[in-house]
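Asker: Under the numbering used here, the first residue of the sequence shown is numbered 13, with each subsequent residue one higher.
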Amino acid sequence: MTVINDNNCSWLTNVPRKFFFKTISDNLECNYLVVGAGYTGLSAARKLAQLHPKERVILVDAQLAGEGASGRNSGYLVDTTLNDGFTSNQELENYKKKTDIYDLGIVAVKKFIKEYQVDCDWNECGKYFASSKFQDKKILVNFSETLSKLGYECNLLSNSELTKRLGTSFYNIGLYTNGGILLHPGKLVRAMIDTLPDNVELYENSTLLKWKKNKDVISCHFQNGNIITKKIIFATNGFLKSLGVKKNYNFPITLTASMTRILTDKEYKSIGEPKEWGVLPVRPMGATIRMTKDRRILIRNTAEIYNPFKMSQSVLNKRSINQKIGIKKRFPQLPNDIIQSTWSGIVSRTRNSSQIFEKIDENIFVAGCYNGSGIGVATLFGEQIAIKASNKNTKEIETIEAKNKPTWLPPQPFLNLGVKTRLIYERLRAKSEI
Ligand SMILES: Cc1cc2nc3c(=O)[nH]c(=O)nc-3n(C[C@H](O)[C@H](O)[C@H](O)COP(=O)(O)OP(=O)(O)OC[C@H]3O[C@@H](n4cnc5c(N)ncnc54)[C@H](O)[C@@H]3O)c2cc1C
Numbered sequence: 013m014t015v016i017n018d019n020n021c022s023w024l025t026n027v028p029r030k031f032f033f034k035t036i037s038d039n040l041e042c043n044y045l046v047v048g049a050g051y052t053g054l055s056a057a058r059k060l061a062q063l064h065p066k067e068r069v070i071l072v073d074a075q076l077a078g079e080g081a082s083g084r085n086s087g088y089l090v091d092t093t094l095n096d097g098f099t100s101n102q103e104l105e106n107y108k109k110k111t112d113i114y115d116l117g118i119v120a121v122k123k124f125i126k127e128y129q130v131d132c133d134w135n136e137c138g139k140y141f142a143s144s145k146f147q148d149k150k151i152l153v154n155f156s157e158t159l160s161k162l163g164y165e166c167n168l169l170s171n172s173e174l175t176k177r178l179g180t181s182f183y184n185i186g187l188y189t190n191g192g193i194l195l196h197p198g199k200l201v202r203a204m205i206d207t208l209p210d211n212v213e214l215y216e217n218s219t220l221l222k223w224k225k226n227k228d229v230i231s232c233h234f235q236n237g238n239i240i241t242k243k244i245i246f247a248t249n250g251f252l253k254s255l256g257v258k259k260n261y262n263f264p265i266t267l268t269a270s271m272t273r274i275l276t277d278k279e280y281k282s283i284g285e286p287k288e289w290g291v292l293p294v295r296p297m298g299a300t301i302r303m304t305k306d307r308r309i310l311i312r313n314t315a316e317i318y319n320p321f322k323m324s325q326s327v328l329n330k331r332s333i334n335q336k337i338g339i340k341k342r343f344p345q346l347p348n349d350i351i352q353s354t355w356s357g358i359v360s361r362t363r364n365s366s367q368i369f370e371k372i373d374e375n376i377f378v379a380g381c382y383n384g385s386g387i388g389v390a391t392l393f394g395e396q397i398a399i400k401a402s403n404k405n406t407k408e409i410e411t412i413e414a415k416n417k418p419t420w421l422p423p424q425p426f427l428n429l430g431v432k433t434r435l436i437y438e439r440l441r442a443k444s445e446i
């Protein structure tokens with residue numbers, strides 16, 4: 013079992029390449045082991061090291077740290093996500109629990125970038141939920157009412173206003189929300205790696221193959237060595253299931269995205285020189301599309317059940333064609349060949365969209381499954397699971413634990429069959445928005 017990622021992602025090729033890293037080549041012992049070095053694992057390791065400055069904290073990743081979903085996402089640090097309905101008080105209460113967690117996630121990332129003076133192209137420019145379908149107005153009106161009841165500022169926008177702001181006349185109806193930040197995920201995760209405290213030992217290209225608990229000892233087996241630890245935090249997100257962690261409560265989904273080269277001055281003028289923006293789809297399988305600070309267009313328009321360990325280049329090339337069509341639909345005046353890179357990334361989903369944050373056994377902890385909105389929540393959950401593993405409590409933990417727990421999933425092959433059918437249905441519903 014080896015995690016293999018393509019190395020095409022523009023966010024990652026845009027930060028300096030890492031040449032020096034340690035791999036596990038010996039037997040090691042520690043009191044705290046964190047598995048997975050994305051936002052969750054990096055934040056957990058940092059917090060553990062701060063809480064236990066004299067302890068050795070080991071952090072391992074199967075690939076280079078930060079090169080999983082954390083360095084490959086679309087960079088929307090969200091305060092709200094769109095859900096149909098939410099009209100009754102019960103639903104509103106549940107939605108508030110969800111946004112309370114998003115808000116705490118934003119605070120956690122903000123605190124990190126302020127403390128370490130991180131440049132990650134942070135832009136508090138808000139975000140758009142938009143659709144080309146006039147009939148989606150009803151969904152957006154309902155959603156805007158929910159947001160207004162909870163005190164979020166938002167405005168419905170028509171085609172002409174959206175065209176002015178986005179440089180595409182594709183969208184006929186949109187909801188702009190003031191909250192939400194756009195950032196460079198590669199720069200953010202790299203900063204989390206570069207600022208790890210001295211008592212964190214990071215081992216990369218080191219896949220945890222097997223683990224077991226025997227009384228007070230947890231033994232972890234890697235290809236070239238073993239780690240014996242007293243406490244363990246699993247932060248492997250889309251790979252929790254493959255390690256047998258909460259395996260009946262989460263499943264991996266593979267996403268693919270493409271980024272164009274930087275638009276020339278002429279191309280940029282031809283689309284009206286819009287400022288940086290980010291659009292999220294109204295229908296779940298529609299495209300996420302973003303104009304970056306340096307005038308590139310990013311598009312993500314696939315979500316599928318696929319072997320989470322590898323997507324081949326030929327399959328990626330097919331997804332890239334899909335993304336070229338998505339860009340062309342929105343910006344017909346731009347040339348055909350401007351996509352510079354296409355990549356895949358793994359997210360983790362639960363049935364009821366609740367995240368996982370738990371002590372699953374004595375000295376065994378897990379945080380993950382952010383259902384596609386993980387930048388802030390992963391940073392928050394990483395810190396807070398480290399605090400929980402240190403037998404402490406916080407208001408943040410109480411807020412996280414007040415949310416519904418993930419619900420049970422049926423076994424294979426029923427799970428994949430159910431998910432695939434649902435994805436096909438959602439894809440058909442969002443056909444025009446891809
Ligand atoms: C294309 C794409 C677009 C997205 N867009 C957004 C967005 O705009 N906004 C947003 O908030 N979220 C977005 N997400 C989701 C977000 O990226 C994730 O929720 C977040 O990165 C999860 O962080 P994590 O640290 O929990 O997991 P990851 O970053 O996936 O880290 C888990 C790590 O565990 C490692 N690992 C796995 N198995 C093992 C093993 N056996 N041994 C050792 N290590 C192992 C992996 O190598 C990986 O580095 C997107 C994701 C993708 C893929």
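Beta carbons: idealized from backbone N, C-alpha and C, even for Gly.
Since we're looking at a predicted model, the values are computed, not measured.
#1: Are there three or more Cβ pairs, one per stretch, closer than 8 Å when the region 411–418 is compared with the region 99–115?
#2: Please go through the same chain and pick out, in chain order, the residues whose beta-carbon is closer than 8 Å to the beta-carbon of TYR128, but skip the five residues on each side of it.
#3: Under 8 Å from any heavy atom of ligand 1, does the C-beta of GLY430 make it?
#4: Is ILE240 buried or exposed, if buried means 16 or more other CB atoms sit within 10 Å of its CB?
#5: With a threshold of 6 Å on Cβ separation, who are the neighbours of ASN106 within its own chain once the five nearest residues in sequence on each side are excluded?
#6: Can you tell me where the beta strand (DSSP E) holding GLY357 begins and where it ends?
#7: Just reading off the alpha helix (DSSP H) that ILE151 is part of, what are its end residues?
#8: Between SER270 and SER326, how many whole angstroms is the CB-CB distance? I'm expecting something under 8 Å.
#9: Within 10 angstroms of its Cβ, does GLY256 collect 16 or more other Cβ (buried), or is it exposed?
#10: Does at least one heavy atom of ligand 1 sit under 8 Å from the Cβ of ASN249?
#11: So, is LYS224 buried or exposed, given that buried needs 16 or more other C-beta atoms within 10 angstroms?
#12: DSSP three-state label for TYR417, please.
#13: So, for GLU279: in the same chain, excluding its five sequence neighbours on each side, which residues have a beta-carbon less than 7 Å away from its beta-carbon?
#14: According to DSSP, is SER324 part of a helix, a strand, or is it coil?
#15: Looking at the structure shown, is GLU408 part of a helix, part of a strand, or coil, going by DSSP?
#16: If you follow the alpha helix (DSSP H) that SER55 is in, where does it begin and where does it stop?
#17: Look up GLY384 in the DSSP assignment and say whether it is helix, strand or coil.
#18: Between ALA142 and ligand 1, is the CB less than 8 Å from at least one heavy atom?
#19: In chain order, which beta strand (DSSP E) runs of at least 3 residues are fully inside the region 282–307?
#20: Give me, in chain order, the residues of the same chain whose beta-carbon lies closer than 8 Å to that of ILE125; leave out the 5 immediate sequence neighbours on both sides.
#21: Should TRP355 go down as buried or exposed, given a rule of 16 or more other Cβ atoms within 10 Å for buried?
#22: Taking the alpha carbon of ASN26 as the point to measure from, which residue in ARG84, ASP38, THR52 has its own alpha carbon closest?
#23: With a threshold of 8 Å (Cβ to nearest heavy atom), would TYR164 be considered close to ligand 1?
#24: Where ASN20 and LYS161 are concerned, what is the direct C-alpha to C-alpha distance, given to the nearest angstrom?
#25: Using C-beta distances below 6 Å, list every residue in its chain close to GLY186, excluding the 5 sequence neighbours before and after it, in chain order.
#26: Bridge partners for LEU267 per DSSP, in chain order?
#27: Assign LYS287 to buried or exposed, taking buried as 16 or more other Cβ atoms, counted over all protein chains shown, within 10 Å of its Cβ.
#28: Mind checking PRO423: buried by the 16 CB within 10 Å criterion, or exposed?
#29: Distance, Cα to Cα, TYR1 vs ASN39?
#30: With a threshold of 8 Å, establish whether the CB of PRO197 neighbours any heavy atom of ligand 2.
#31: Cβ of THR481 within 8 Å of any heavy atom in ligand 1?
#32: Please report the distance separating the alpha-carbon of THR304 from that of ARG312.
#33: Could you tell me whether the region 290–303 touches the region 177–186, where touching means 3 or more Cβ pairs closer than 8 Å?
#34: Per DSSP, what kind of secondary structure is SER144 in: helix, strand or coil?
#35: Compare the beta carbon distance of TYR164 and THR266 with 9 Å and say whether it is the shorter of the two.
#36: Between which residues of its own chain and GLY284 is the CB-CB distance below 6 Å, once the five residues before and five after are set aside?
Answerer: This is what the structure gives:
#1: yes
#2: Annotation for TYR128: ALA203, THR207 place their beta carbon closer than 8 Å to its own, counting only its chain and skipping 5 residues before and after.
#3: Every heavy atom of ligand 1 is 8 Å or more from the Cβ of GLY430, so no.
#4: exposed
#5: none
#6: 351–361
#7: 149–161
#8: With a Cβ gap of about 15 Å, SER270 and SER326 do not count as contacting.
#9: Exposed, by the Cβ-count rule.
#10: The answer is yes for ASN249.
#11: exposed
#12: Before going further, note that residue 417 is Lys rather than Tyr in the sequence given. Three-state DSSP puts LYS417 in coil, outside helix and strand.
#13: LEU346
#14: coil
#15: helix
#16: 51–63
#17: coil
#18: no
#19: 289–293, 300–303
#20: CYS132, TRP134, LEU200, ALA203
#21: That one is buried.
#22: ARG84
#23: no
#24: 43 Å
#25: TYR140, ALA142, LEU169, LEU174
#26: Beta-bridge pairing links LEU267 to ALA315, GLY357.
#27: exposed
#28: exposed
#29: Nothing can be reported for residue 1: it is not among the residues displayed for the chain, which extend from 13 to 446.
#30: Within the structure as shown, ligand 2 is missing, the only ligands being ligand 1.
#31: The requested residue 481 does not occur in the structure, where the chain is confined to residues 13 to 446.
#32: Distance between the alpha carbons of THR304 and ARG312: 14 Å.
#33: These segments touch.
#34: coil
#35: no
#36: GLY179
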